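A.B. asks: Shown below is the structure under consideration.
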Amino acid sequence: MNDRVLVNLRLDRDVLEELDRASADAGLDRSELVRRLLVDGLRRSRVDHALEAYRDGLASAEAAAESAGVSLYEMLERISEAGVPYRLDDEVFEALDRLGEPGPRDVTSGIDDLRSKYRPATVSLLLVGESSPAGGTHFYRADSNLFRAVRAAYAEALGEATVPDGEAFLRFFSDRGGWLVDLVDRPVNRIPGRPRKDHVDAGIDGLHGTLVKTRPQRIVVIKSSIAGAVRQAARLAGFDDARIDVLPFPLYQWRRTFIDQLAAILRADASAEPARHRRTAEVVASYAPDTLHEAMAAVLEVRANRWASARAIANEIARLDLFRRPRDGEHPPPSQISARARKYPDLFQISDQGIRLRRTTS
Amino acid sequence: MAPILVDASPLIYLAKLDALECFAPAGWEPLVPPAVVAETASAAVAYRFPDALTISGSLSSGVLRTVDLTAPEQEEAGRLAESIKGLGRGECEALAVAGARGSQVVIFERQGRRIARALGIAAVDPVEVLFRGTRDRALLRRRISYFADMTAMRATDVEALIARIERRMER
Chain A
919 MNDRVLVNLR LDRDVLEELD RASADAGLDR SELVRRLLVD GLRRSRVDHA LEAYRDGLAS
979 AEAAAESAGV SLYEMLERIS EAGVPYRLDD EVFEALDRLG EPGPRDVTSG IDDLRSKYRP
1039 ATVSLLLVGE SSPAGGTHFY RADSNLFRAV RAAYAEALGE ATVPDGEAFL RFFSDRGGWL
1099 VDLVDRPVNR IPGRPRKDHV DAGIDGLHGT LVKTRPQRIV VIKSSIAGAV RQAARLAGFD
1159 DARIDVLPFP LYQWRRTFID QLAAILRADA SAEPARHRRT AEVVASYAPD TLHEAMAAVL
1219 EVRANRWASA RAIANEIARL DLFRRPRDGE HPPPSQISAR ARKYPDLFQI SDQGIRLRRT
1279 TS
Chain B
4 MAPILVDASP LIYLAKLDAL ECFAPAGWEP LVPPAVVAET ASAAVAYRFP DALTISGSLS
64 SGVLRTVDLT APEQEEAGRL AESIKGLGRG ECEALAVAGA RGSQVVIFER QGRRIARALG
124 IAAVDPVEVL FRGTRDRALL RRRISYFADM TAMRATDVEA LIARIERRME R
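Chains as they are written, first to last, in my numbering: chain A, 919 to 1280; chain B, 4 to 174.
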């Protein structure tokens, strides 16, 4: 039996008269009718409160049902009756628009054949990308951003007149030992977060096999987010970590950096003079006089040219007082070190692990 | 087929639309956490809301599959419930499993999708399930119209969806 407590309540006379009429109609005594009305009213109040929370975006339909003490079915009915609109966001429409685009199978259709067709007998430069783009373009279809940026880098390194365009470039690229593989065999560039990383990690074994079979002289990783996976595959294959470069994907402001860096790599590899026999001092001297990069080179040489962060180089320059900015007499900050490294791609190699000299000193 | 977690509200609406079979042609294997089963397939509500019988029947026949949470997933669901007020227990379980297993999640309401995305989980709207899983043009139109009526969807959104159905069929 319920534990009931006696309460006194002042009511307007006309309300009391209406209660008496209603209790007579229902065949209930006045107290019982008031109890029932109060219980029902409280329940409605809880539902109304939960509905308000849902309408204001403070609770989901499920949370609203839980707080109102009703089933989710009932809460969804209340939401519908209240006319609270279900709102779609731009992402939903974008997802629907993508449904009409080629599916993963169509996007990658024929890519393996093209990749095989342009595989060089000896791979000297292996570009490693993340995946085919979801939009259906591809390097080996000669129509992607990556294709255009790689071609531009070759043109910058070897001369525009030397480098063909379109599909002829694919043959040109292959004849010079260039090959592109993707870590993931399906487009992942529209997959966010952890699922995307899982796809990338799943590609490590495949890349390991490719490296064992092809033994490239140099690996260029396209996009720093996959550098860890590529390094892992390279370690498994016994590949020298020093021969891995990491470039940004050539989009927006990163396109220029990609082209400069790849062109520098190509120039270094194509150099008639073997890089290992060229002293850093000679490379430094080949630039216009500017002592900051000399200071950076000196720091890296002292560190046996191990990867160093821009901050570590800046700290060392300051500690040894190797260079001060002419305009204010201050030591250069890490951002200036990074900028200088990007400006002199023939001298400095940049990757996810930091900066070092592109050429090994003798 | 790729596993996809399904939350309670989308499940109920898909059941009302007789569209629980949409997952397979869309390439998804729908997984339902225990709290979502409790919210949607309870015998206690089956008389008033027969869609609960449709959902429990789909669970029995294997169209939907119940997924058990591991201990870390249960912990994560509890943590989500504590840290994100306004989420239901079923949503927390669906998000915890999807996050741990790298799966997508079908979740209702814009706020739910935003939370999923903030947690690094790919969120799918029930409308996308209908589009992916309904090949027949007339049936898709009917389903979208009925879904729009039930959810008081804004007229501009309905028009945009219908326009996409037309465009898709023209291709």
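Beta carbons are placed, not taken as given, at the ideal position from N, Cα and C, and that holds for glycine.
Computed from a predicted model, the values in this text were never measured in an experiment.
Can you tell me which residues form a DSSP beta bridge with W1172 of chain A?
C.D. replies: Working through the first sequence from its first residue, we reach residue 1172 of chain A at position 254. Answer is none; W1172 of chain A lacks a bridge partner.
A.B. asks: For M4 of chain B, does the count of other Cβ atoms within 10 angstroms reach 16, so buried, or fall short, so exposed?
C.D. replies: Locating residue 4 of chain B in the second sequence gives position 1, counting from the first residue. The residue is exposed, with fewer than 16 neighbouring Cβ atoms inside 10 Å.
A.B. asks: Could you tell me if S63 of chain B is buried or exposed, where buried requires 16 or more neighbouring beta carbons within 10 angstroms of its beta carbon?
C.D. replies: Your numbering for residue 63 of chain B matches position 60 in the second sequence. By the 10 Å Cβ count, S63 of chain B comes out exposed.
A.B. asks: In chain order, what are the residue ranges of uninterrupted alpha helix (DSSP H) at least 4 long that sit wholly in the stretch 999-1076 of chain A?
C.D. replies: 1008-1017, 1022-1026, 1029-1035, 1063-1076
A.B. asks: If distances are taken between C-alpha atoms only, which option among B:A41, B:F134, B:V100 comes closest to E79 of chain B?
C.D. replies: Within the second sequence, the letter at position 76 stands for residue 79 of chain B. Ranking the options by Cα distance to E79 of chain B, first place goes to B:V100.
A.B. asks: Please check if any C-beta of chain A sits within less than 9 angstroms of the C-beta of G91 of chain B.
C.D. replies: Reading the second sequence from its first residue, position 88 is the one you call residue 91 of chain B. For G91 of chain B, the answer is yes, since a Cβ of chain A falls inside 9 angstroms of its Cβ.
A.B. asks: Could you tell me which uninterrupted alpha helix (DSSP H) segments, each at least 4 residues in length, are contained entirely in the stretch 1109-1179 of chain A, listed from first to last along the chain?
C.D. replies: 1111-1120, 1122-1132, 1145-1154
A.B. asks: Just list the residues that DSSP pairs S1269 of chain A with in beta bridges.
C.D. replies: Here the question's residue 1269 of chain A lines up with position 351 in the first sequence. In the DSSP output, where bridge partners are listed per residue, S1269 of chain A has A:G1272.
A.B. asks: Decide if the stretch 18-37 of chain B is in contact with the stretch 135-143 of chain B; the criterion is three or more beta carbon pairs, one per stretch, under 8 angstroms apart.
C.D. replies: yes
A.B. asks: Check whether the stretch 1224-1233 of chain A touches the stretch 1247-1266 of chain A, taking contact to mean three or more Cβ pairs, one atom from each stretch, closer than 8 angstroms.
C.D. replies: yes
A.B. asks: What does the Cβ neighbour count give for S963 of chain A, buried or exposed, with the cut at 16 atoms within 10 Å?
C.D. replies: Residue numbering aside, residue 963 of chain A sits at position 45 when the first sequence is read from its first letter. The residue in question, S963 of chain A, is exposed, as its Cβ has fewer than 16 Cβ neighbours within 10 Å.
A.B. asks: Beta carbon of I110 of chain B, beta carbon of R116 of chain B: below 9 angstroms?
C.D. replies: The residue given as residue 110 of chain B occupies position 107 in the second sequence. The residue given as residue 116 of chain B occupies position 113 in the second sequence. Going by C-beta atoms, I110 of chain B is nearer than 9 angstroms to R116 of chain B.
A.B. asks: Skipping 5 residues on each side, what residues in its chain have a beta carbon closer than 8 angstroms to that of S1042 of chain A?
C.D. replies: Here residue 1042 of chain A corresponds to residue number 124 of the first sequence, with the count starting at 1. Hits under 8 angstroms: R1094, G1095, G1096, P1134, Q1135, R1136, D1187.
A.B. asks: Under a three-way DSSP split, which group does G1096 of chain A fall into?
C.D. replies: Walking along the first sequence from the start, residue 1096 of chain A turns up at place 178. Note: G1096 of chain A maps to strand in three-state DSSP.
A.B. asks: Out of A:E1219, A:L927, A:I1235, A:P1166, state which residue places its alpha-carbon closest to the alpha-carbon of E1048 of chain A.
C.D. replies: Taking the first sequence and counting its residues from 1, one reaches residue 1048 of chain A at position 130. When each option's Cα is compared against that of E1048 of chain A, the closest is A:P1166.
A.B. asks: Between H1056 of chain A and the rest of its own chain, which residues show a CB-CB distance below 7 angstroms, the 5 nearest in sequence each way excluded?
C.D. replies: Counted from its first residue, the first sequence places residue 1056 of chain A at position 138. Here the set comprises I1029, S1050, S1062.
A.B. asks: Please check the pair A1216 of chain A and L1184 of chain A, which I expect to be a contact at CB under 8 angstroms, by giving their CB distance rounded to whole angstroms.
C.D. replies: As a first step, residue 1216 of chain A must be located in the first sequence, where it is residue number 298. As a first step, residue 1184 of chain A must be located in the first sequence, where it is residue number 266. Not confirmed; about 27 angstroms, so no contact.
A.B. asks: Quick check on V127 of chain B: buried or exposed, where buried means 16 or more other Cβ atoms within 10 Å of its Cβ?
C.D. replies: Along the second sequence, one-based indexing puts residue 127 of chain B at 124. The Cβ neighbour count for V127 of chain B, taken over all protein chains shown within 10 Å, is at least 16; the residue is labelled buried.
A.B. asks: The stretch 42-72 of chain B: which residues have C-beta closer than 9 angstroms to a C-beta of chain A, in chain order?
C.D. replies: E42, T43, S45, A47, V48, R51, F52, D54, A55
A.B. asks: Taking V39 of chain B as part of the alpha helix (DSSP H), name the residues at either end of that continuous run.
C.D. replies: Position 36 of the second sequence, counted from the start, is the residue given in the question as residue 39 of chain B. First-last of the alpha helix (DSSP H) with V39 of chain B: 37-43.
A.B. asks: Quick one: what does DSSP say V925 of chain A is sitting in, helix, strand or coil?
C.D. replies: As a position in the first sequence, residue 925 of chain A is number 7, starting the count at 1. Coil at V925 of chain A, not helix or strand.
A.B. asks: In the DSSP assignment, the beta strand (DSSP E) including A910 of chain A goes from what residue to what residue?
C.D. replies: Given that chain A is displayed from residue 919 to residue 1280, the structure contains no residue 910 of chain A and the question cannot be resolved.
A.B. asks: Buried or exposed: which applies to R145 of chain B, given that a residue is buried once 16 or more other Cβ atoms fall within 10 Å of its Cβ?
C.D. replies: Against the second sequence, residue 145 of chain B aligns to sequence position 142. That one is exposed.
A.B. asks: Against chain B, which members of the stretch 957-989 of chain A pass a CB distance test of less than 9 angstroms?
C.D. replies: A971, Y972, G975, L976, A977, S978, A979, E980, A981, A982, A983, E984, S989
A.B. asks: Assign L927 of chain A to buried or exposed, taking buried as 16 or more other Cβ atoms, counted over all protein chains shown, within 10 Å of its Cβ.
C.D. replies: As a position in the first sequence, residue 927 of chain A is number 9, starting the count at 1. Exposed, since its Cβ has fewer than 16 Cβ neighbours within 10 Å.
A.B. asks: Within the continuous alpha helix (DSSP H) that includes L20 of chain B, where are the two ends?
C.D. replies: Position 17 of the second sequence holds residue 20 of chain B. Here L20 of chain B belongs to no alpha helix (DSSP H), and DSSP marks it neither H nor E.
A.B. asks: Where does V127 of chain B sit, in a helix, a strand or coil, going by DSSP?
C.D. replies: In the second sequence, counting from the first residue as 1, residue 127 of chain B sits at position 124. Note: V127 of chain B maps to strand in three-state DSSP.
A.B. asks: Going straight from the alpha carbon of A982 of chain A to that of A1151 of chain A, what length do you get?
C.D. replies: To locate residue 982 of chain A, count along the first sequence from 1; it is residue 64. To locate residue 1151 of chain A, count along the first sequence from 1; it is residue 233. Between A982 of chain A and A1151 of chain A, the C-alpha separation is close to 49 angstroms.
A.B. asks: Please determine if the stretch 29-44 of chain B and the stretch 163-170 of chain B are in contact, where contact requires at least 3 C-beta pairs separated by less than 8 angstroms.
C.D. replies: no
A.B. asks: From R1153 of chain A to G89 of chain B, what distance separates their C-alpha atoms?
C.D. replies: By 1-based counting over the first sequence, the position of residue 1153 of chain A is 235. By 1-based counting over the second sequence, the position of residue 89 of chain B is 86. Rounded to whole angstroms, R1153 of chain A to G89 of chain B spans 47 angstroms at the Cα level.
A.B. asks: Need the endpoints of the alpha helix (DSSP H) that I110 of chain B sits in, please.
C.D. replies: Numbered from 1 along the second sequence, position 107 holds the residue referred to as residue 110 of chain B. No alpha helix (DSSP H) contains I110 of chain B, which DSSP labels as neither H nor E.
A.B. asks: Beta-carbon of E112 of chain B versus every beta-carbon of chain A: anything under 9 angstroms?
C.D. replies: Translated into the one-based positions of the second sequence, residue 112 of chain B becomes position 109. For E112 of chain B, the answer is yes, since a Cβ of chain A falls inside 9 angstroms of its Cβ.
A.B. asks: Could you work out which residue in B:E96, B:R113, B:P129 is closest to W31 of chain B when comparing CA atoms only?
C.D. replies: Here the question's residue 31 of chain B lines up with position 28 in the second sequence. The shortest Cα separation from W31 of chain B among B:E96, B:R113, B:P129 belongs to B:P129.
A.B. asks: What is the DSSP secondary structure of T137 of chain B, counted as helix, strand or coil?
C.D. replies: Residue mapping note: residue 137 of chain B aligns to position 134 of the second sequence, counting from 1. Three-state result, T137 of chain B: coil.
A.B. asks: With DSSP run on the structure shown, which of helix, strand or coil describes R68 of chain B?
C.D. replies: Here residue 68 of chain B is taken as the residue at index 65 of the second sequence, counted from 1. It is a strand residue.
A.B. asks: Which residue wins for smallest C-alpha separation from R1149 of chain A, given the options A:Q1179, A:L1125, A:T1132, A:L1169?
C.D. replies: Taking the first residue of the first sequence as position 1, residue 1149 of chain A is located at position 231. The candidate whose alpha carbon is nearest that of R1149 of chain A is A:L1125.
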